[in-house]
Amino acid sequence: MVDRNCVVGADALKVLFIGGTGRTGSTLVDRLLGSAPGWFSGGELAFLWRLGLLRGGLCACGQKVAECDVWGTALERAFGLDGADAERMVTLRQRFWSIHLPLMAVPPLARRRFDRLEEYPSNVEQLYRSVMEVTGDRVLIDSSKDTHYSQILRLRTDLDVYFLHLVRDPRAISYSWTKLRPEAGFRGEVNMERRNLLTSSTYFYVSDIAAEALWRRDAGHYQILRYEDFVANPAAACARIAEFVGEEIDLTGVLEGNVFKPAPGHTTWGNPNRFETAPTAIRADDAWRSEQTRWRSAAAGALNAPLGARYGYGVTSGARLRQMSRGLRRHDLMGHPVD
Ligand SMILES: [Zn+2]
């Protein structure tokens, strides 16, 4: 394990980091928590520099991130009128990436790699502190998910990082990656990224194994949450998360039963649902059961069975494996039938 460069003080800014793979419902968890007084939903902050600033992506308030009342002010307070050099931040971040995670097992090599990040961690910390000064909130929620990014925050800043490991049935994740949806953060001018079965499965393994390997033994700073348990009882899940972070949470007026009434927010990046302001019932999204081909569902279950079973998902059976082997000849990797 690589030693921390910084010692976290008692008054350190608390960051609730939602980790794991993509399409686990993290934006909904982020927004629900961030609608409570004192909690701020930042969204996928790892992408703020590239998608928000360089590409002009939209904040949940509808303004471009750089022009948003909250983020624009925070950026100016942190970096002055000229702002931060977003292009350099994007370049620096590429110096510690998923591919470098194995270096964490060799501390001298990892330290050298972290040193190459130069001013990246201190700029990120400065921005996180600045946005909390602007909002006056106590807990910043960062749903970036990438484990390597969480390690930068944990080891190279004074932020007090709490890692919430969010997992979901891999068949639901696999289905979500196939859907063709416009990217609301770019006004629907492009579509959201899609991933084939092998790619989404690879990310499932790499993200979740890395999350466990690097965080699970950090007592008091790691908690796991199944998305299915969250939707079954969001109030109880939020209470457990608040206890984990050591902060009060009051969801009065935000959550009534399973109905979420979003407060106006400034979630920088994530699922397009961050733009929704109407009350929404939080419920299990079972579309993957009916709308995904049986072959793709079986294949996703089988490919992800070892890790899926670890998280309590009964994702495969002998019958499904036989079904998969029959379907393998008749479908492409997106699960679409081929002639
Ligand atoms: Zn905003």
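Heads up: take any position in the sequence shown, counting from 1, add 1020, and you land on the working numbering.
Positions of the beta carbon are idealized from the N, C-alpha and C atoms, including for glycine.
Only a predicted model underlies this, so the values are computations on that prediction, with no experimental measurement involved.
By the Cβ-count criterion, A1301 is exposed, with fewer than 16 other Cβ atoms from all chains shown falling within 10 Å of its own Cβ. In this structure, I1244 and H1168 do not form a Cβ contact; the two beta carbons are roughly 19 Å apart against a cut-off of 8 Å. T1177 carries a coil assignment under DSSP once its states are collapsed to helix, strand and coil. Minimum Cα-Cα distance from F1295 among the listed residues R1303, A1283 and A1304 corresponds to A1283. Linking V1144 to A1130 through their CA atoms gives a straight-line distance of about 19 Å.
Residue pairing by DSSP leaves Y1140 without any beta bridge partner. R1133 has its alpha-carbon roughly 30 Å from the corresponding atom of T1047. Proximity to D1050 across P1292, P1326, E1139 and E1209 peaks at P1292, based on C-alpha coordinates. Residue pairing by DSSP places Y1242 opposite F1183 in a beta bridge. For D1162, the uninterrupted beta strand (DSSP E) segment begins and ends at V1159 to K1165. Annotation: the segment 1212-1265 contains the following complete segments of the alpha helix (DSSP H) (minimum length 4 residues), in chain order: 1217-1235, 1247-1252 and 1254-1265. Between A1098 and L1147 a beta carbon distance of about 5 Å is seen, short of the 8 Å cut, so the two are scored as contacting.
Within the model, the alpha-carbon separation for T1313 versus E1139 is close to 47 Å. As a beta-bridge residue in DSSP terms, T1300 pairs with F1280. By the Cβ test, the segment 1150-1164 is not in contact with the segment 1187-1201, since fewer than three Cβ pairs between them sit closer than 8 Å. For V1274, the distance from the CB to the nearest heavy atom of ligand 1 is not below 6 Å.
Distance from the Cα of R1215 is smallest, within the candidate group G1092, Y1223 and P1057, for Y1223. The shortest CA-to-CA distance from F1037 to any of V1226, R1207, V1265 and T1297 is the one to V1265.
In this structure the segment 1315-1324 does not touch the segment 1256-1274; the number of beta carbon pairs closer than 8 Å is below three.
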